[in-house]
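Data block below; observations after.
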Amino acid sequence: MKNEGKKLIWKEYQKEIADNKYYYVRSCVRQNFFPGAETTFLRIMREVLEKDIYENPSHTTCTGIGYHSDIVPLDTAMTVVARQFAIMTESGYENLTPSCITSFGLYTEILDTWHHFPEVEQKIRGLLKKATGREFQIPKNLSHASDLIFKFRKEIAQKAKYTLINKNTGKPLKVVDHIGCHYAKMFPHKGVGGAEYPYVLAGMIEEWGGEVIDYPERRHCCGFGFRQYLVQANRGFSIACSQKKFESMAGYEPDMIITNCPGCPMFLDRWQYAISEMEGKVYGPDGKPIPVFTFEEVAGLVLGYDPWDIGLQVHQVNTEPLLDKIGITYDPEKKYNNKFGKSMGKPVIPESLCEAHGIL
Amino acid sequence: MSKNVIVIGGGIAGMESSAYLAAMGYNVTILEKEGKLGGHLLKWERLFPTKRHGKEVLEFLSQGISEHVSIIYHADIENIERKDQVFNVHLSKGTSLKADAVLIATGYETFDARKKEEYGYGIYDNVITSPDLEEIFLSGKGIRTASGKVPQRIGLVHCVGSRDEKAGNIYCSKVCCVTGVKQAIEIKEKLSQTEVYCFYMDMRMYGFHFEELYKEAQEKWGVYFIRGRLSESCENADGTIVVKVEDTLAGKPLKMTVDLLVLLVGFVPSEGTRKIGELLGLSFNSNRFIKSADEHTMSNVSSEPGIFMAGTCTSPRTIANTIMDARSAAATVASYLEGYNIEKRTIHRNLK
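Protein sequences appear in the order of chains A and B. Just so we're on the same page, my numbering is the position in the first sequence counted from 1, plus 1028. Just so we're on the same page, my numbering is the position in the second sequence counted from 1, plus 3.
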């Protein structure tokens, strides 16, 4: 594989990412899936990078999941998004930073629709005004939270306490980067590096010392795919998607997976447990499963944040083997303590394959 | 005193139109950007549908370049001025040439396969293009993978950069289907044990003997033709290529591993076509080739008097059609120079 070829493509897909003053909108689902990720992101932006990033409690779902599941009509989705823009405008911000990939995709799609069909924008402005009395400005810059960490990846590297290097072997960790489908597949020029060879996570991995693995099913869906999972009868498709990816990446012996979407880490993490129960199979090296992380968690780890402060205790696949490879210090006894130091209670470990294979 | 014609481009169209113009007594100067004549013909070992060697046709074309044809190699045109009926062509080396007519034969380039990012050309070691394969044939070296192994299975992908709105080219390049069939047979001739798969949308076997070649590929050589456009290719750890395609006749998605993937790249207007067209203020058609005054009746005539076109600068063509078009262009230029009012006859549109 020729990395120079990829670099040529990356050059074609550079996007403008605002320098400061971001209006942050949270994901509907991430706080349940990996609750530490968004908090870690805000902490890095404010404390490490000293940026002005603001969130407003009045913001709601963008309806992206409903829209992509054919439940919410487009006009409704656009009006809800117009309300998000209105709250951003009222808050005095111009640069929108969604936490969620599907929100980012939906905002991008709506802005592009309005660009090509200005009469639709006028109609939605009318609907919003009628429903809420609100008005809005179009965001000056729309960048996903992972775009921001990509933009400041060098600054993070300079302040890093750890690198993505195996301390025992001195070799870079082998990292699978998985990009949410709605990040660039719909609008390649809105994503860092485009849709076919995205650079947004690869750039972080390289900068922080790791080695990116390019495996055949790299582009395949994680298994969320909304209708695959939300329609219960379709869940077999969901786990089959994830399994296809694991089978494809296993030969490369990845040390970890990094994602930038709310759903992807959830499914890549939880389905490893399900597959181990169903098939008795795990996909990482040394007979272990592959730890899965959000990009915020990885940024937090290299900056030296306590693993339990950034929420790694809620991962299905134990992250300790990876922490040990990097040489990150942690207190196993505090894994299930709350922020006041009191025990939250440990999860019940099933007497099954999972325990033997290091899954929670 | 005989009149001067400048022919821009010394490929097939430029050579053949020059031969006929010289034969009619005109002073012809070919401006060629490279160091030799022949254009793309220099890069093709054998030609469809007869599998004749390209150099045989080149030899034929060369015989037409008599002492009445001057050639300026490595010509870089800086500017072209027109005063009354005379063109003044300025080259970067300071030379200026006068002409009574200009014939553009600046041709095509093959589509840059890197633009079909999902196929991995320029990234995956075992993804090559049809010109790359032709270069292997010309070199006399065996067909090998990047690691030097004899490929056990080779895939050929049709319509790469043609009939593809995403790639910005909605048109058919006319030559790739049959080139794929020719190259598939040549692979089988050289590597009889290698499986060859062609992934196609339609097989456009419109030329005389094309269909026979297609039949030969299937019946004699056992080439597999799968109707379906490739969605993506990826590289395995061992360098082999995984292709994903829908077999639209079987109605099933197909995933297959090949040792070598050949992309049959289409035609796009050459950089020279764009540059010369812009220098002369010509119109371009919706596919970015130079626009003919009328597609049915004025294919060699441009939007400006005294400027004509030959060959693939106006649209993709086979070699046979390019040679015919070159002679047609020579006749059109000669008629113009002899005072025949080419535009006297008009097309009546919307006749009922």
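Think of the CB as a built atom: it goes at the ideal place given N, C-alpha and C, for glycine as much as any other residue. Keep in mind that this is a model prediction, so the values were computed, not measured.
The DSSP assignment places 1284-1287 as complete runs of the beta strand (DSSP E) inside the stretch 1253-1294 of chain A, in order along the chain (cut-off: 3 residues).
Excluding residues up to 5 positions away in sequence, nothing lies with its Cβ nearer than 6 Å to the Cβ of E1224 (chain A) in the same chain.
DSSP, read as helix, strand or coil, puts K1370 (chain A) in coil. Rounded to the nearest angstrom, the gap between the Cα atoms of G1251 (chain A) and P1293 (chain A) is 10 Å. When C-alpha distances from E1083 (chain A) are compared across A:P1244, A:R1054, A:P1317, the shortest belongs to A:R1054. Secondary structure note for A104 (chain B): its beta strand (DSSP E) is the uninterrupted segment 104-107.
In this structure K193 (chain B) is exposed. Its beta-carbon is surrounded by fewer than 16 other beta-carbon atoms within 10 angstroms. Listed along the chain, the chain B residues whose CB falls inside 9 Å of the CB of M1029 (chain A) are G123, I126, Y127, D128, E238, G242.
Residues of the stretch 102-118 of chain B whose Cβ lies closer than 8 Å to any Cβ of chain A, in chain order: R117. Using a CB distance below 8 Å, the part of the stretch 1272-1303 of chain A facing chain B consists of G1279, Y1280, ordered along the chain.
Secondary-structure assignment with DSSP links I229 (chain B) through a beta bridge to B:F202.
Considering only beta carbons, the part of the stretch 1233-1248 of chain A lying closer than 9 Å to chain B consists of D1242, Y1243, P1244, E1245, R1246, R1247, in chain order.
Proximity of chain A to E235 (chain B) at the Cβ level (cut-off 9 Å) is accounted for by E1224, R1247, in chain order.
Burial of F1254 (chain A) is indicated by the presence of at least 16 other C-beta atoms within 10 angstroms of its C-beta. Short of 8 Å from the beta carbon of E1325 (chain A), and not among the five residues preceding or following it, lie these beta carbons of its own chain, in chain order: F1062, G1064, A1065, T1068, I1338, G1339, L1340. Listed along the chain, the chain B residues whose CB falls inside 7 Å of the CB of I1037 (chain A) are E120. With a beta-carbon spacing of about 6 Å, I68 (chain B) and A22 (chain B) fall inside the 8 Å limit used to define contacts. In the DSSP assignment, no residue is bridged to Y23 (chain B).
Taking a Cβ-Cβ threshold of 7 Å, the residues of chain A close to V245 (chain B) are P1244, in chain order.
Among the CB atoms of chain B, none fall inside 8 Å of the CB of K1213 (chain A). The stretch 1238-1246 of chain A and the stretch 1172-1187 of chain A do not touch, with fewer than three beta-carbon pairs separated by less than 8 Å. In the three-state scheme derived from DSSP, where H, G and I count as helix and E and B as strand, L1036 (chain A) is classed as helix. If you look at C180 (chain B), you'll find it in the alpha helix (DSSP H) that goes 179-193.
Judged by pairs of C-beta atoms under 8 Å, the stretch 1195-1207 of chain A does not touch the stretch 1150-1165 of chain A, as fewer than three such pairs exist. Rounded to whole angstroms, the separation of the alpha carbons of I1115 (chain A) and K1157 (chain A) is 13 Å. Under the three-state reduction of DSSP output, M1106 (chain A) falls in the helix class.
Using beta-carbon distances, K1034 (chain A) counts as an interface residue toward chain B, with a partner under 8 Å. Taking L1258 (chain A) as the centre and dropping the five residues before and after it, the same chain places the C-beta of S1097 closer than 7 Å to its C-beta, in chain order. The closest CA to that of H43 (chain B), considering only B:C237, B:Y127, B:G314, is found on B:G314. Note on the stretch 1316-1350 of chain A: whole alpha helix (DSSP H) runs with a minimum of 4 residues are 1323-1330, in chain order. D1140 (chain A): member of the alpha helix (DSSP H) spanning 1129-1144, first to last residue. The residue among B:S142, B:T132, B:L100, B:G145 with its C-alpha nearest the C-alpha of V163 (chain B) is B:T132.
For the pair T317 (chain B) and T109 (chain B), the CB atoms are not nearer than the 8 Å cut-off.
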